[in-house]
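Q: Number 100 in the UniProt record's numbering belongs to position 100 of the sequence shown; there are no gaps in the numbering.
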Amino acid sequence: MKICVTGGTGLVGNAIKIFSDMIDYHTFYYVSKSNADNNYGKGLDLTVLKDVDDYFKRNQFDYIIHLAANVGGLYKNMNGNIEMFNDNILINMNVLTVCNKYNINRGIFCLSSCIYPNNPSRFPMDETMIHESPPHISNEGYAYAKRMLEKQCSHYNKAFNREYICLIPVNLYGKHDYFNLKNGHFIPMIMHRFHRELLLGNELIAYGTGKPLRQFLYVEDFARIILDVLLGDHYNVTTPLICCNDQEYTIKNIVDMIAFYIGIDNDAIHWDTTKSDGCMKKTVTNAKFKSFYPDFQFTPIDKGLEKTYSWFKENYPHIRK
Numbered sequence: 001m002k003i004c005v006t007g008g009t010g011l012v013g014n015a016i017k018i019f020s021d022m023i024d025y026h027t028f029y030y031v032s033k034s035n036a037d038n039n040y041g042k043g044l045d046l047t048v049l050k051d052v053d054d055y056f057k058r059n060q061f062d063y064i065i066h067l068a069a070n071v072g073g074l075y076k077n078m079n080g081n082i083e084m085f086n087d088n089i090l091i092n093m094n095v096l097t098v099c100n101k102y103n104i105n106r107g108i109f110c111l112s113s114c115i116y117p118n119n120p121s122r123f124p125m126d127e128t129m130i131h132e133s134p135p136h137i138s139n140e141g142y143a144y145a146k147r148m149l150e151k152q153c154s155h156y157n158k159a160f161n162r163e164y165i166c167l168i169p170v171n172l173y174g175k176h177d178y179f180n181l182k183n184g185h186f187i188p189m190i191m192h193r194f195h196r197e198l199l200l201g202n203e204l205i206a207y208g209t210g211k212p213l214r215q216f217l218y219v220e221d222f223a224r225i226i227l228d229v230l231l232g233d234h235y236n237v238t239t240p241l242i243c244c245n246d247q248e249y250t251i252k253n254i255v256d257m258i259a260f261y262i263g264i265d266n267d268a269i270h271w272d273t274t275k276s277d278g279c280m281k282k283t284v285t286n287a288k289f290k291s292f293y294p295d296f297q298f299t300p301i302d303k304g305l306e307k308t309y310s311w312f313k314e315n316y317p318h319i320r321k
């Protein structure tokens, strides 16, 4: 069986590669803007329908793992809502169009817990509450595009009897992340910034108050979940599934842990409270996940951060930054 992984050179795509070699009778094709497998000769821009159609027609895939998206941290989202909305709407529409056209019956489509309502009716939020009320204003573009992906998958499932499953991870982190100092997500950005500023002897600055609460998921855990939902027999429905453990942390908790692994005293960190905190709380529940995977073992946050920073240091010249 042939499995197409869009966004194949990113954080989650690289994690899937760790486990895909252990799976018999399946061949994985990792596709990104910079690279497309199977001698395509160039990267694949998923916003261009003709190119997407040509690639899928040529390869006749059996499954899809759709990870590709225009993503970024809080400040990229705040400053680029139009770009985030337009790019992601185009990407998702094109991928779903060709999946249905070339009869790819089953696939995984990646959402995010950041698309949930800013002011929900209750906490923790569950899978039924995605569309309950508006998302936080800071990432409206990305959030609404991902919300539409959930609706698109649902309608393809109903109209064509497809099995397009939306997985909803909380904040992902791990090896092969995007460690950009301006547009990266929180953990890779602060890890890179503290590492760099410590070497340069500069002031160590974290943004906001440190009070917002967040949930985190080590990327290799998410990769295992994706592959089991797609190819296993544990998850036998097609409705969305939140992927997370039971833990929640303040931003300051995470900053302090990262500082520890880098070798920084917490007292040396200055908090710039003029910068936005974003959404203060967006807690989601893993009750549904535990009902299907009661024995799943998650990587503890301290071990995940230690592994991530160790990989970051060893691969610094070559990391995505």
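Glycine included, each C-beta is placed from N, C-alpha and C at the ideal position.
As the structure is a computational prediction, the values presented were derived from the model and not from experiment.
Residues in the same chain with beta-carbon distance under 6 angstroms from S20, minus the five sequence neighbours each way, listed in chain order, please.
A: The residue labelled residue 20 in the question sits at position 20 within the sequence shown. Excluding five sequence positions before and after S20, the CB atoms of its chain that fall closer than 6 angstroms to its own CB belong to F28, given in chain order.
Q: Please list, in chain order, all residues of the same chain as S34 whose beta carbon is under 8 angstroms from its beta carbon, the five residues on each side excluded.
A: Here residue 34 refers to the residue found at position 34 when the sequence shown is read from its first residue. Non-local C-beta neighbours of S34 in its own chain, meaning closer than 8 angstroms and more than five positions away in sequence, comprise T9, G43, ordered along the chain.
Q: Considering only residues of the same chain and omitting the five flanking positions on each side of T283, which have a CB-CB separation below 8 angstroms?
A: By one-based count along the sequence shown, residue 283 stands at place 283. Once the five neighbours on either side are set aside, the close Cβ partners of T283 are F123, P124, M125, L213, Q215, E248.
Q: Of the choices L217, F222, F109, A223, whose alpha-carbon is the least far from that of I301?
A: Looking up residue 301 in the sequence shown gives position 301. Checking every option, the nearest Cα to that of I301 belongs to L217.
Q: Looking at I168: is its Cβ nearer than 7 angstroms to the Cβ of S113?
A: What you label residue 168 is simply residue 168 of the sequence shown in a count that begins at 1. What you label residue 113 is simply residue 113 of the sequence shown in a count that begins at 1. Yes. Within cutoff.
Q: Which of helix, strand or coil does DSSP assign to N171?
A: To locate residue 171, count along the sequence shown from 1; it is residue 171. The answer is strand: DSSP assigns N171 an E or B state.
Q: Roughly how many angstroms lie between the CA atoms of N118 and D24, to the nearest whole one?
A: Residue mapping note: residue 118 aligns to position 118 of the sequence shown, counting from 1. Residue mapping note: residue 24 aligns to position 24 of the sequence shown, counting from 1. Using only the alpha carbons, I get a separation of about 43 angstroms.
Q: When we look at the beta-carbon of H270 and count the other beta-carbons within 10 Å, is it buried (16 or more) or exposed?
A: Mapped onto the sequence shown, residue 270 falls at position 270. Per the 10 Å Cβ criterion, exposed.
Q: In angstroms, rounded to a whole number, what distance separates the CA positions of I264 and K146?
A: Walking along the sequence shown from the start, residue 264 turns up at place 264. Walking along the sequence shown from the start, residue 146 turns up at place 146. In this structure, the straight-line span from the alpha carbon of I264 to that of K146 is close to 37 angstroms.
Q: Can you say whether R58 is buried or exposed, counting buried as having 16 or more other CB atoms within 10 angstroms of its CB?
A: Translated into the one-based positions of the sequence shown, residue 58 becomes position 58. Of the other Cβ atoms in all chains shown, fewer than 16 fall within 10 Å of the Cβ of R58; this residue is therefore exposed.
Q: Would you check if the distance between the CB atom of F61 and the CB atom of C110 is smaller than 7 angstroms?
A: Sequence index remark: in the sequence shown, residue 61 carries index 61 (1-based). Sequence index remark: in the sequence shown, residue 110 carries index 110 (1-based). Their beta carbons are not under 7 angstroms apart, which means F61 does not touch C110 by this criterion.
Q: Identify the continuous beta strand (DSSP E) that holds V5 and give its terminal residues.
A: Translated into positions along the sequence shown, residue 5 becomes position 5. Taken as a continuous stretch (DSSP letters only), the beta strand (DSSP E) holding V5 covers 2–6.
Q: Using a Cβ-Cβ cut-off of 8 angstroms (strictly less than) and excluding sequence neighbours within five positions of V95, which residues of its own chain qualify?
A: Taking the first residue of the sequence shown as position 1, residue 95 is located at position 95. Closer than 8 angstroms at Cβ, skipping near neighbours: T6, L46, V52, I64, H66, A68.
Q: So C99 is in the alpha helix (DSSP H); what residue range does that whole segment cover?
A: Here residue 99 refers to the residue found at position 99 when the sequence shown is read from its first residue. Counting along the chain, the alpha helix (DSSP H) containing C99 begins and ends at 81–101.
Q: Looking only at its chain, what residues have a beta carbon closer than 7 angstroms to the beta carbon of G41, apart from the 5 residues adjacent to it on each side?
A: Position 41 of the sequence shown holds residue 41. Interpretation of G41 is limited by its pLDDT of 47, a score under 50 that renders its predicted location unreliable; no figure is taken from the coordinates.
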